[in-house]
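So for the sequence shown, full-length UniProt numbering puts the first residue at 1; every next one is plus one. Structure record follows, encoded as structure tokens.
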Amino acid sequence: MAPHCSRVYNNAMDRLDDMLAFIKVVDTKSFTAAADRLNLSKSVVSRRIGELENRLGARLLNRTTRKLSLTEVGQAYYERCTRILADLEEAEQAVADLHAAPRGRLRLNAPVSFGIMHLAPAVAEFLERYPAIEIDMDLNDRTVDLVDEGYDLAVRIGRLRDSSLIARRLAPARIALCASPAYLQKHGVPETPDDLARHSCLLYTNVPTPDVWQFTVDGETRNVRVSGPIRSNNGDLLREAAISGVGFIMSPTFLCGQALTRGELVSVLHRHIPSEQSVNAVYPQNRHLSPKVRVFVDFLVQRLGPRPYWDCALLDTLPQEMRPQEAG
1 MAPHCSRVYN NAMDRLDDML AFIKVVDTKS FTAAADRLNL SKSVVSRRIG ELENRLGARL
61 LNRTTRKLSL TEVGQAYYER CTRILADLEE AEQAVADLHA APRGRLRLNA PVSFGIMHLA
121 PAVAEFLERY PAIEIDMDLN DRTVDLVDEG YDLAVRIGRL RDSSLIARRL APARIALCAS
181 PAYLQKHGVP ETPDDLARHS CLLYTNVPTP DVWQFTVDGE TRNVRVSGPI RSNNGDLLRE
241 AAISGVGFIM SPTFLCGQAL TRGELVSVLH RHIPSEQSVN AVYPQNRHLS PKVRVFVDFL
301 VQRLGPRPYW DCALLDTLPQ EMRPQEAG
């Protein structure tokens, strides 16, 4: 190797080592723990971070005797570093035998409630099958940029708008209008969507128009304006309020399915609920689909399927002609 090329190569390797040390410090929130993970001394890790900050001309970490925290610049650099190292790992796997045992870290993004209720138990089962894979799961309800933020894939619910992503359907995302038996006994069962104007409705605010609910009447979409005593950006909170008898919720069945099964909620106006959407796994089309991503998506498709377990109670209450063919 020519001297110039050798210097370039060594500089690149040093930078990758510095990035890895920085990521380990951030992930473990400790120089000592990071040094243990990297099999280095604490002084070496500290020196690398110091040299990294000097080279960049910016402070990346706020250091106190009690804790470490990222600066604003440090947060941006951390996100870039994780993406670079993830790309490096993916490049190595891309040239490996595709039939080799899946391995490595899988970075996943998903909505909070769906992740806690359904992905958490699924991941536990998945890791038993694939012990060489590690899951890094980030739960939030915003739409992340998979490429810029370094995610391998995301679980998204509803209609997909980003055509640059490849999507695979995991399960249907059905909607139910429901209230508690006590509420229905006290206030009556609505016979048409328009009747909801006289009922207490609990509003989910993570949508453009929380107080406008859509229904299908005589084959056409009808908007019904509703109101009620609770507005929230969290569907779990609204479900629990509905179970307590506060009013109606328009909820995805992955949130209210268990309550329907236990009889804590009752679904109504089946014929007027808009058609179902989907729970999807999405990933960038410009990335090699690594074995770890492929087996995880295949696992979720198999586990959830066309009739997910959270839909059983709802489907059993539908008129026969309204039940999906795959539900039997």
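Even glycine gets a Cβ: it sits at the ideal position worked out from N, Cα and C.
Rounded Cβ spacing between residue i and residue j (contact assumed at less than 8 Å)
i           : j      : result
residue 340 : ARG107 : Limits of the chain in this structure are 1 at one end and 328 at the other, which puts residue 340 out of reach.
LEU165      : PRO284 : 6 Å
THR253      : ALA197 : The pair is not a contact, with the Cβ atoms about 24 Å apart (cut-off 8 Å).
PRO210      : LEU269 : So it is not a contact: roughly 19 Å between Cβ atoms.
ARG156      : VAL45  : Contact flag wrong, Cβ pair sits at about 37 Å.
SER251      : ARG239 : 6 Å
ASN109      : ALA154 : 4 Å
ARG48       : ALA21  : 4 Å
ASP141      : PRO111 : 5 Å
Which listed residue (the options) has its alpha carbon closest to that of residue i
i      : options                        : result
LEU202 : ALA242, VAL123, ARG83          : ALA242
GLU128 : TYR309, VAL295, LEU146         : VAL295
ARG66  : ALA281, PHE31, LEU38           : PHE31
VAL279 : VAL297, HIS272, PRO291, ASN62  : VAL297
ASP152 : ARG161, LEU160, ILE133         : ILE133
VAL301 : GLY74, ILE49, VAL123, LYS29    : VAL123
THR216 : PRO229, HIS272, SER232         : HIS272
PRO146 : ARG80, ASN39, LYS186, LYS292   : Residue identity differs from the one stated: residue 146 is Leu in this sequence, not Pro. Checking every option, the nearest Cα to that of LEU146 belongs to ARG80.
TYR130 : ALA35, ALA101, MET117          : ALA101
THR261 : GLU53, TYR204, CYS312          : CYS312
ARG168 : ASP141, SER244, VAL144, VAL293 : VAL293
VAL231 : ASP218, VAL207, ARG55          : A small fix is needed here, since residue 231 is Arg in this sequence, not Val. Minimum Cα distance to ARG231 is reached at VAL207.
Limits of the unbroken alpha helix (DSSP H) element including residue i
i           : result
ILE273      : Neither: ILE273 is in no alpha helix (DSSP H) and is coded neither H nor E.
SER43       : 42-56
GLN258      : 253-261
PHE126      : 120-129
ILE243      : 235-243
residue 334 : As displayed, the chain neither begins before 1 nor continues past 328, which places residue 334 out of reach and without an answer.
ALA33       : 31-38
LEU61       : First-last for LEU61: 61-63, but that is the beta strand (DSSP E), not the alpha helix (DSSP H).
TYR183      : 181-187
Own chain, CB closer than 7 Å to residue i, minus 5 neighbours either side, in chain order
i           : result
residue 362 : Any question about residue 362 goes unanswered here, given that the chain covers just 1 to 328.
THR82       : ILE23, GLY150
ILE84       : MET19
ARG63       : none
LEU184      : VAL266
ALA179      : ALA242, GLY247, PHE248, LEU265, VAL266
HIS118      : PHE254
ARG103      : ALA132, ILE133, LYS292
Range covered by the beta strand (DSSP E) that runs through residue i
i      : result
ASP138 : 133-139
ALA171 : 165-173
ALA154 : 153-157
GLN214 : 212-217
LEU68  : 68-70
ALA110 : 104-110
SER267 : 266-268
THR205 : THR205 -> no beta strand (DSSP E), and no H or E assigned at all.
Cβ-based neighbour list, residue i, same chain, cut-off 6 Å, excluding 5 preceding and 5 following
i      : result
ALA327 : Confidence in ALA327 is poor, its pLDDT being 40 and thus under 50, which makes the residue's placement too unreliable to answer from.
GLY115 : LEU139
TRP310 : THR253, PHE254, GLY257
ARG303 : ALA122
PHE299 : PHE126
SER69  : ASN62
VAL73  : ALA58
Sequence-distant residues of the same chain with beta carbon closer than 8 Å to residue i, five excluded per side
i      : result
SER41  : ALA35
MET322 : For MET322, the predicted model reports a pLDDT of 48, less than 50, meaning its position is unreliable and no value from the coordinates is stated.
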